[in-house]
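**Student:** In my numbering, each residue's number is its place in the sequence shown (first place is 1) plus 170.
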Amino acid sequence: MEQTVFSQYVKSMRKQYNLTQIELSEKSGVGLRFVRELEQGKQTLRLDKVNQILNLFGSEAGVTPITKNDET
């Protein structure tokens, strides 16, 4: 798995808060395996679990509309 901007953000925030992966897992209520897969850039993850982690850092993932630029 290749790290993504998102996975790098989570890893960076975890380190900024001085948390190990185990501590992040315990504080967010998700499994250690999920934390590891998230930080490694797994492409398919449950959004509710992602938000459990992001909430610890004051963030949230959600739907963003895609806008198309008409270049004519």
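Ideal Cβ placement from N, Cα and C applies to all residues, glycine included.
Give every residue of the same chain whose Cβ lies closer than 7 Å to the Cβ of K219, excluding the five residues on either side of it in the sequence, and list them in chain order.
**Tutor:** V200 and F204
**Student:** If I measure Cβ to Cβ from E207 and keep anything under 6 Å in the same chain, skipping five residues before and after, which residues do I get?
**Tutor:** none
**Student:** Would you give the residue range spanned by the alpha helix (DSSP H) that S147 belongs to?
**Tutor:** Outside the displayed range of the chain (171 to 242) lies residue 147, so it cannot be described from this structure.
**Student:** Looking only at C-alpha atoms, which of L217, Y179 and I223 sits nearest to V233?
**Tutor:** L217
**Student:** Nearest-angstrom Cα distance between N239 and E196?
**Tutor:** 43 Å
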